[in-house]
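Engineer: This structure is in C-alpha cells; I'll ask about it shortly.
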Amino acid sequence: MSARHFARRGLLVILSSPSGAGKSTISRLLLDSERDMSLSISVTTRARRPSEVEGVHYHFVTMREFEKMRDRGELLEWAEVHGNCYGTPRDPVEASLSDGSDVLFDIDWQGAEQITGAMPDDVVSIFVLPPSGSELKSRLVRRAEDDEATILRRLANAREELGHYSDYDYVVVNDDLESALEGVRAILHAERLRRRRLVGVDGFVDGIVKAL
Ligand code: ADP
Ligand code: 5GP
Numbered sequence: 000m001s002a003r004h005f006a007r008r009g010l011l012v013i014l015s016s017p018s019g020a021g022k023s024t025i026s027r028l029l030l031d032s033e034r035d036m037s038l039s040i041s042v043t044t045r046a047r048r049p050s051e052v053e054g055v056h057y058h059f060v061t062m063r064e065f066e067k068m069r070d071r072g073e074l075l076e077w078a079e080v081h082g083n084c085y086g087t088p089r090d091p092v093e094a095s096l097s098d099g100s101d102v103l104f105d106i107d108w109q110g111a112e113q114i115t116g117a118m119p120d121d122v123v124s125i126f127v128l129p130p131s132g133s134e135l136k137s138r139l140v141r142r143a144e145d146d147e148a149t150i151l152r153r154l155a156n157a158r159e160e161l162g163h164y165s166d167y168d169y170v171v172v173n174d175d176l177e178s179a180l181e182g183v184r185a186i187l188h189a190e191r192l193r194r195r196r197l198v199g200v201d202g203f204v205d206g207i208v209k210a211l
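Heads up, the sequence shown is in numbering that gives the first Met the number 0, so the first residue is 0 and it goes up one at a time.
As C-alpha cells, then:
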C-alpha cells in the first residue's frame, strides 16, 4: 500500500441521505474497520435520543451555546435541519487534516454544500439512497427513537434531501447493508490512491528510477 511509501492528504468523506436511509449505521461500521479515519462529532440543539451518548454521537448544546460557537467562527458549517440546528466544529477537522488522516461527516445537503465549497479538493461526497420509499418509512418507524410527529416531519423533509442526490460524487443504495458498506469502502480506498492527494510520490518515483 502507498501509505508505507509516501504520505497523502486526508480526505473529508461526506455521507448524506434522507433520515432513516442508514447513514449512521454505515458510518459506525465503516469506522470500526478503518484506521486513519475519525468521525466529525457535530454540535446540535436537538434533544438526545435514548440510545445516544454525549460526545459520542453529538455534543448536545443549548441554542445560546450554539449561537456563541457560530458567532465566534468555531463552526466549519452549520444548518437548520428538521427544525433543529446542527454544526461541525472546525478545530478537530483541521487537526485531522494536518495529521493526514480522514474525517467522516454524517451531515445534510446544506452542510455538504458548504464544506464542498470551502475545500473542494479534499471532499468525497456520497449520497445514500434507501431501496424504496416504503422501506425508508419502515426503517424510520423500526428505529423507534422518534415520536410520530418527528417521523412525519422527517418523511416530509426526505423529498427535499433526495432532490440533492445529484450534487454528490457517488450514490450508494443501502438495500443489503453489507453490500452498501462494501461500496463505501471501495470508494474510500480508491479515493485514497488519487495521485493528486499523494504527497512525496515524485521523490519516490525518482528514487526508483535512480536505482535502476
Ligand atoms: P440515518 O442515520 O440515515 O437516519 P440509521 O442508520 O439510523 O439512519 O438507520 C435507520 C434504521 O434502519 C435503523 O434502525 C437501522 O438499524 C436500520 N437499517 C440501516 N441499514 C439497514 C439495512 N441495510 N437494512 C435494514 N435496516 C437497516
Ligand atoms: P439526526 O437528528 O437524525 O441525528 O440528524 C438529522 C440530519 O442532520 C441528518 O441529515 C444529519 O446528517 C444532519 N446533520 C447532523 N449533523 C450535522 C451537522 O453538523 N451539519 C449539518 N449541516 N447537518 C448535520
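Heads up, the beta-carbon is just placed ideally off N, CA and C, and yes, glycines get one too.
#1: Does the ligand ADP have even one heavy atom less than 8 Å from the beta-carbon of arginine 142?
#2: Can you tell me where the beta strand (DSSP E) holding glycine 86 begins and where it ends?
#3: From the DSSP secondary-structure annotation, give me the bridge partner or partners of aspartate 101.
#4: Take every Cβ of the stretch 100–119, pair it with every Cβ of the stretch 139–153, and state whether three or more of those distances are shorter than 8 Å.
#5: Report buried or exposed for aspartate 174, applying the criterion of at least 16 other Cβ atoms within 10 angstroms of its Cβ.
#6: Expressed to the nearest angstrom, what Euclidean distance is found between the alpha-carbon atoms of serine 41 and isoleucine 207?
#7: What does the alpha-carbon distance come out to for the pair arginine 152 and serine 16?
#8: Under the three-state reduction of DSSP, which class applies to isoleucine 150: helix, strand or coil?
#9: Taking only heavy atoms of the ligand 5GP into account, decide whether any of them is closer than 8 Å to the Cβ of aspartate 166.
#10: As a quick exercise: from Leu211, Leu197, Lys209 and Ala210, pick the residue whose alpha carbon is nearest that of histidine 4.
#11: Hey, is lysine 22 close to the ligand 5GP, as in C-beta under 8 Å from one of its heavy atoms?
#12: In this structure, how does DSSP classify alanine 111 when only helix, strand and coil are distinguished?
#13: Can you tell which of Leu11, Arg195 and Ser37 has the C-alpha that lies nearest to the C-alpha of threonine 115?
#14: With a threshold of 7 Å on Cβ separation, who are the neighbours of leucine 154 within its own chain once the five nearest residues in sequence on each side are excluded?
#15: Along the chain, where does the alpha helix (DSSP H) containing alanine 179 start, and where does it finish?
#16: Where does tyrosine 164 sit, in a helix, a strand or coil, going by DSSP?
Structural biologist: Result, derived from the coordinates:
#1: Taking the Cβ of arginine 142 as the reference point, at least one heavy atom of the ligand ADP falls within a distance shorter than 8 Å.
#2: That run of the beta strand (DSSP E) goes 83–88.
#3: As a beta-bridge residue in DSSP terms, aspartate 101 pairs with Met36.
#4: Output reads no: the stretch 139–153 does not touch the stretch 100–119.
#5: Taking a 10 Å sphere around the C-beta of aspartate 174, we find fewer than 16 other C-beta atoms and assign the residue as exposed.
#6: C-alpha of serine 41 to C-alpha of isoleucine 207: approximately 44 Å in a straight line.
#7: Arginine 152 and serine 16: Cα-Cα distance of roughly 15 Å.
#8: Helix.
#9: Incorrect: aspartate 166 has no Cβ contact closer than 8 Å to the ligand 5GP.
#10: The residue with the shortest Cα to Cα distance from histidine 4 is Leu197.
#11: Relative to the non-hydrogen atoms of the ligand 5GP, the Cβ of lysine 22 comes within a distance shorter than 8 Å of at least one.
#12: In this structure, alanine 111 counts as helix in the three-state DSSP scheme.
#13: When only C-alpha atoms are compared, the closest one is Leu11.
#14: Its chain contains Lys136 and Leu139 as the residues whose beta carbon lies nearer than 7 Å to that of leucine 154, once the 5 sequence neighbours on both sides are disregarded; these appear in chain order.
#15: Residues 176–191.
#16: Tyrosine 164: helix per DSSP, three-state reduction.
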